[in-house]
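Quick notes on the structure that follows.
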Amino acid sequence: MNFSVNLTPTAEPAGYACGANLESFYNWYTQVHGWASLLVCIFGSIANVLNIAVLTRREMQSPTNMILTGLAVADLLVMIEYIPYAIHMYLYQRSRRDTFTYGWSMFVLFHSNFAQVCHTISICLTVTLAIWRYIAVAHPQRNREWCSNRRTFFMIAFAYVSCPILCIPLYINTEVRPQTEMLDERGMSLNLTKLQREANGTLPSLEGLTNTTLYFVKLTKSPMSNVLKDINVWIYSVVIKLIPCVALTGLSIKLVKVLLEAKRRRKKLTTKNTAIKMGNGKENACEKPKKKRKGNDKERQTDRTTMMLLAVLLLFLVTEMPQGILGLLSVILGPSFFNTCYVMLGDVIDILTLINSAINFILYCTMSRQFRTTFNQLFCNRWRLIGRWMAVPHQPMENNGHTGTNHTVTQVTQV
1 MNFSVNLTPT AEPAGYACGA NLESFYNWYT QVHGWASLLV CIFGSIANVL
51 NIAVLTRREM QSPTNMILTG LAVADLLVMI EYIPYAIHMY LYQRSRRDTF
101 TYGWSMFVLF HSNFAQVCHT ISICLTVTLA IWRYIAVAHP QRNREWCSNR
151 RTFFMIAFAY VSCPILCIPL YINTEVRPQT EMLDERGMSL NLTKLQREAN
201 GTLPSLEGLT NTTLYFVKLT KSPMSNVLKD INVWIYSVVI KLIPCVALTG
251 LSIKLVKVLL EAKRRRKKLT TKNTAIKMGN GKENACEKPK KKRKGNDKER
301 QTDRTTMMLL AVLLLFLVTE MPQGILGLLS VILGPSFFNT CYVMLGDVID
351 ILTLINSAIN FILYCTMSRQ FRTTFNQLFC NRWRLIGRWM AVPHQPMENN
401 GHTGTNHTVT QVTQV
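Numbering (full-length UniProt numbering), first residue to last: 1 to 415.
This is how it looks when you write it as C-alpha cells:
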C-alpha cells in the first residue's frame, strides 16, 4: 500500500513539476477512487473468503496451497480494513471539524501502518511461492524434502512475524499532530479571498468563525525525522518493492525456461514412445499407452499449476514494480518529487494494490482445474442439491362422476 497518501504534505520548496496533465488526472481520479476502491474491496473480500474455503479443503492440501491460503488471509485483511478508510476519506463527505477528529486521525494512522504490514506479508509470501514453485519444477526429486509442509508453515509464520518488524521505521516516523484552523459555522475551512470579495472592500464580518483544533497524520518531529524518512522510503521502495520484483522477475524467467524444456522433453518422449509402440507386440502396445497417458496428464497438471502461479507473479510485477520505481525516484529526486508527483499518484498506487489483492480468485478459477472442481463440489453442488428438492403439485384426481371440490395435493419430491 502507499503510506504517503495518508500524510498531510508539508511545505517544500518547489523544484519539480509533473505537468498539468497529471494534476488534471489527479483531480478527476480523486472523485472516483472512493467508489472504485469500495467495489474492489467488496469483491476482493468475498473472493478471498472463497479462496480460503477452497484451499483449506483436505483434498487441496499441499505446500503451494498453504502459501496461497496465507496470501489470501493477508489480502483479505487489506480488503476489509480499507473499506472503512475509503468510506471515511472519500465517500462520507462532511465538515473538516467532523473529518479530522482525534479518533479518525488515529484510525488513519492505524490504517497506514496495518495496511502496509499486511501488504508486506503478501509480498513476502509471493516471493516464497515463486521459490517453492521453482524448486517443485526444477528439482522435483528434492521437492518433498526442501518444501515440506513443516517448512512451508514455518515460512508462512516467519512472514507474519518478520514483516511487522520490518515496518518499524514506518511506525516511529508518523504521528498524529494537532493543528489549529479557523473554520466557519459549517465547520469548513475559511476562504479569505471569497470573504473579502463578498465584503466589497469593507471589513469582512468574522461572525460565526471559530478557531478549531484539528488532527492530522504527519511525519514525526524529531532531530532524526529526516533520517527516519529516508530510511523509511528506502525500505519501502527498495527492500519491500524493488528487491522482491527483481527476484520474482528472475524466478519467473527460470520457470518459463523450465516449462519450455518440459514441453520439448515431452515432445521428444512422445516421438520415441510412438516408435517403440510400432515395434512392440500387442500386449505392450495396450499397456504402455495407459502408463504414458497417466504420466503425461500428471506433467500437464504440473505445467498448468506453474502457468497459473506465473500469472499471479506477473500480475504482482505489473502492480508493484511501478511503485518501487516511484519510491526510488523520490529518494533520488528529493522531497519536491515526493510531494508532487508521488503524492498525486498515491490513489492510483492504492487501487493497483487492491486489484492485485482481489483478482487471484479469477486466476485460480480460470487456470486451475482442481480449484474449479473443488469449488463446484463445495458450493455449486450444494446449491444444486437444495434446488433439487422442491414442491411439486399433483394433478387433481378425477371425481369419477361424483360432485365435489378437486383438491391439489402437494408433496416434497426429489427431482
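Cβ atoms here follow ideal geometry from the backbone N, Cα and C, with glycine treated the same way.
- The alpha-carbon of T271 is positioned some 11 Å away from that of R264.
- Ranking M308, Y102, A262 by CA distance to the CA of I359 puts M308 first.
- Its Cα nearest to that of T152, the residue T69 stands out among V117, T69, F375, M182.
- When DSSP reads this structure, T64 sits in no beta bridge, so it has no partner.
- T120 is the residue among T120, M344, D184 whose C-alpha sits nearest the C-alpha of V238.
- By the C-beta density criterion, A72 is buried, having at least 16 other C-beta atoms within 10 angstroms.
- Around the beta carbon of A74, 16 or more other beta carbons sit within 10 angstroms, so the residue counts as buried.
- For L329, the CB contacts under 7 Å within the same chain, skipping 5 residues up- and downstream, are F337 in chain order.
- When secondary structure is reduced to three states using DSSP, F100 falls in the coil class, being assigned neither helix nor strand.
- The beta carbon of A47 sits closer than 7 Å to those of A358, F361, all from its chain and outside the five residues before and after it, given in chain order.
- Note: P178 is bridge-paired with Y215 in the DSSP secondary-structure output.
- Within its own chain, the residues whose Cβ lies closer than 6 Å to the Cβ of Q323, once the five positions on either side in sequence are excluded, are K241, I349, listed in chain order.
- Here the region 181-191 does not lie against the region 223-230, with fewer than 3 beta-carbon pairs under 8 Å apart.
- In the assembly as shown, H139 is an exposed residue. Its beta-carbon has fewer than 16 other beta-carbons within 10 Å.
- Looking at the backbone, the Cα of N27 and that of T128 are separated by about 38 Å.
- Ranked by how close their Cα comes to the Cα of Y90, the residues R144, G34, L354 have G34 in first place.
- Separation of the CB atoms of T305 and R57 is rounded to 16 Å, and the pair is thereby denied contact status at 8 Å.
- In the displayed model, L333 falls within a helix according to three-state DSSP.
- Residue range 20-55 is occupied by the alpha helix (DSSP H) that includes H33.
- Membership of Q370 in the alpha helix (DSSP H) is indicated by the continuous run 369-375.
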